[in-house]
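Number of protein chains: 2
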Amino acid sequence: MSKVKIFQPVEQKKREAVAAPVTDAKAFHAVVDSRRSVRVYADDLIPDSVMKACMDAALKAPTSSNLQTWEIHHVVDSKKKAALVEACLSQPAAGTASELLVFVGRPDLWKRNNEWMVKALEERENVPRSALQYYKKITPLAYDQGWMGWRTPFKWAITRWRGRKKPYPREPIGKWGMRIWAHKTTALACAHFMLAMRAHGFDTCPMEGMDSARVKRLLNLPKQAVVTMVISAGKRADGGIYGERMRFDSAHFLHRH
Amino acid sequence: MSKVKIFQPVEQKKREAVAAPVTDAKAFHAVVDSRRSVRVYADDLIPDSVMKACMDAALKAPTSSNLQTWEIHHVVDSKKKAALVEACLSQPAAGTASELLVFVGRPDLWKRNNEWMVKALEERENVPRSALQYYKKITPLAYDQGWMGWRTPFKWAITRWRGRKKPYPREPIGKWGMRIWAHKTTALACAHFMLAMRAHGFDTCPMEGMDSARVKRLLNLPKQAVVTMVISAGKRADGGIYGERMRFDSAHFLHRH
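Line by line, the protein sequences are chains A and B. Sequential numbering of the first sequence, starting at 9, is according to my numbering. Sequential numbering of the second sequence, starting at 9, is according to my numbering.
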């Protein structure tokens, strides 16, 4: 499809480390270890400054091709909040929460954001030509499924054909592939947000068991938007965590090759 | 489809907060702020203890219905590592990395893990009946798409019909829905892992532009497994980060309702 080289070959040479910002591993693990899905919240409110800091942390997650095809919808209006609680099947994790946020993927906005990237790179100094080429040639090849998805069968066939003899990127293909692509990027932001809340002394609960059609209607989202999850936040109440963390033996999940 | 009540209605009453473990917000933001996708790594190695701690942190991410349908494949054999670098299109972020990990979603294993959950709950004391009911009645309704997906059209029709008048959980439906479901859960673990590495003074790069078919062959994964992303890790080298972090104005992504 294109002869543009995405990557320079790796040179064989000695590579020295550079100083990176100092971080505190113990403090980080304290956040991860104490993060639990909280099902019942206390009445305490979350300061606006904390909400802002945590949403900012969410938007610092890595995002595929830096295209930032995510959105955070913070529902504060009491009527809309009540409707969102209902769309979350009225579960206590939603009903008792002080804050409710909807994390949304926007596969339909890849092109707009791609244009923004081109513009931003053109305005910067010392941008390597390959970076601009990436957003001018590679991302359209990767993400453009065409009007009504007409490119999809061709993408599928070309990917298969080219991938026979040498490595070829397989995804995303088609409408579902683009949904997966946006969901993944948005889920990374969700994880950042939940850990950030915990770091600030608050708790969260991710909810996928909800009526995404009603949520989209409530937020006035277009058909192509995807609701990755609703996340509730607040202070944990007594009995708000359902028992000890249950995890199967990690030997089932960690494989060494 | 079922008259089982998933959630108890929310009682109107005052709720007091309980003490939660103390965490350090500043230390957490230092991790998030300094995490960047590193494209060229130094030759430094990562201690095994750090790898272990970060993989453990990954497996503490929230996971849909706690079904843990994720896997981390840590590729250490030099031949397999070379093949994985190739499958990542030989990009420097893979080729110069000291460690390479493949994060895999396993929608096909929901039933096995669901049985484990039932067993684990039955062995615990003081488990509310509703928790067991959830894994005996609700999760099969939600995740079982039937042999060759025969349930999918019925699920779709029932969801639409039931969702007309009152909120009804819409996803996951069908093979693609299950893929999305597993990808989302696995992406949460990916974010935990990348932040954990940074907290320990190391860096990462998530790679989606790779040949997932080759990756699956290399790891001997079944057809139904999904490769969420490959993540490389190591110490950042001089010039290993491509410029300042570029993020569009957050006003595009943060919406208040």
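Ideal Cβ positions, reconstructed from N, Cα and C, are used throughout, including at glycine.
Asked                                                                                                                               : Found
Close Cβ partners of K11 of chain B (< 8 angstroms) along its chain, the five nearest in sequence each way excluded                 : The pLDDT assigned to K11 of chain B is 49, lower than 50, so where the model puts this residue is not dependable, and the model offers no usable value.
Where G157 of chain A meets chain B, residues with beta-carbon distance less than 9 angstroms                                       : Chain B residues near G157 of chain A: none, gap ~14 angstroms exceeds 9 angstroms.
Boundaries of the alpha helix (DSSP H) in which C96 of chain A is found, first to last residue                                      : Neither: C96 of chain A is in no alpha helix (DSSP H) and is coded neither H nor E.
DSSP beta-bridge partners of V112 of chain B                                                                                        : B:E79 and B:V235
Local conformation of A69 of chain A per DSSP, three classes                                                                        : coil
Q20 of chain A, buried or exposed, once every other Cβ within 10 Å from all chains shown has been counted against 16                : exposed
Inter-residue Cα distance where the pair is W78 of chain B and W118 of chain B                                                      : 10 angstroms
Cα-Cα separation between D141 of chain B and I249 of chain A, rounded to whole angstroms                                            : In the sequence on display, residue 141 of chain B carries Gln and not Asp. Using only the alpha carbons, I get a separation of about 18 angstroms.
For M215 of chain B, the nearest candidate out of B:A207, B:A199, B:R206 and B:R225 (CA to CA)                                      : B:A199
Interface flag, V126 of chain A vs chain B, CB-CB below 8 angstroms                                                                 : no
Pair within 8 angstroms by beta-carbon distance, E179 of chain B and W169 of chain B                                                : no
Cβ-based burial, P29 of chain B [other Cβ within 10 Å; buried from 16]                                                              : exposed
Nonlocal neighbours in the same chain, by C-beta distance under 7 angstroms from H81 of chain A, ignoring five residues either side : L109, V110, V112 and L227
Endpoints, the alpha helix (DSSP H) within which D41 of chain B is located                                                          : A33 to S42
Rounded C-alpha distance that separates K224 of chain A from T167 of chain B                                                        : 16 angstroms
N122 of chain A classed as buried or exposed, judged by whether at least 16 other C-beta atoms fall within 10 angstroms             : buried
Delimiting residues of the beta strand (DSSP E) encompassing M215 of chain B                                                        : D211 to M215
A259 of chain A Cβ short of 7 angstroms to the ligand SAH heavy atom set                                                            : As for the ligand SAH, it is missing from this structure, which has no ligand bound.
A35 of chain A to A207 of chain B span [Cα, whole Å]                                                                                : 8 angstroms
Assigned secondary structure, S106 of chain B (DSSP; H/G/I helix, E/B strand, else coil)                                            : coil
Q76 of chain B vs F261 of chain A beta-carbon contact at 8 angstroms                                                                : yes
Nearest neighbour of K174 of chain B, chosen from A:G182, A:R159, A:A195 and A:D219 [CA to CA]                                      : A:D219
is_contact[E179 of chain B, chain A] using C-beta, thresh 8 angstroms                                                               : yes
Contacting residues, own chain, Cβ-Cβ under 6 angstroms from W164 of chain A (five flanking each side not counted)                  : I181
L229 of chain B classed as buried or exposed, judged by whether at least 16 other C-beta atoms fall within 10 angstroms             : buried
Cβ distance (whole Å) where A105 of chain B is taken to contact G242 of chain B below 8 angstroms                                   : 5 angstroms
Limits of the alpha helix (DSSP H) - the one that L129 of chain B falls within                                                      : W118 to E131
Residue interval of the beta strand (DSSP E) (run including L226 of chain B)                                                        : Where L226 of chain B is concerned, there is no enclosing beta strand (DSSP E), although the alpha helix (DSSP H) it sits in stretches over S220 to L226.
Cβ of D32 of chain B within 8 angstroms of any chain A Cβ                                                                           : yes
Residue span of the alpha helix (DSSP H) that contains L149 of chain B, given as start and end                                      : T147 to Y151
is_contact[R225 of chain A, chain B] using C-beta, thresh 8 angstroms                                                               : no
Sequence-distant residues of its chain with Cβ nearer than 7 angstroms to V48 of chain B (five each side left out)                  : P100, T104, A245, G247 and G248
Interface partners of D219 of chain B on chain A, CB under 7 angstroms                                                              : G171, P175, Y176, P177 and R178
Extent of the continuous beta strand (DSSP E) run through L203 of chain B                                                           : Note, L203 of chain B: premise wrong, no beta strand (DSSP E); alpha helix (DSSP H) at G182 to A207.
Within 9 angstroms of chain A by C-beta, residues of the stretch 136 to 153 of chain B in sequence order                            : P136, A139, I146 and A150
Short-range partners of chain A found in the stretch 82 to 95 of chain B, where Cβ spacing is below 7 angstroms                     : H82, V83, V84, D85, K88, E94 and A95
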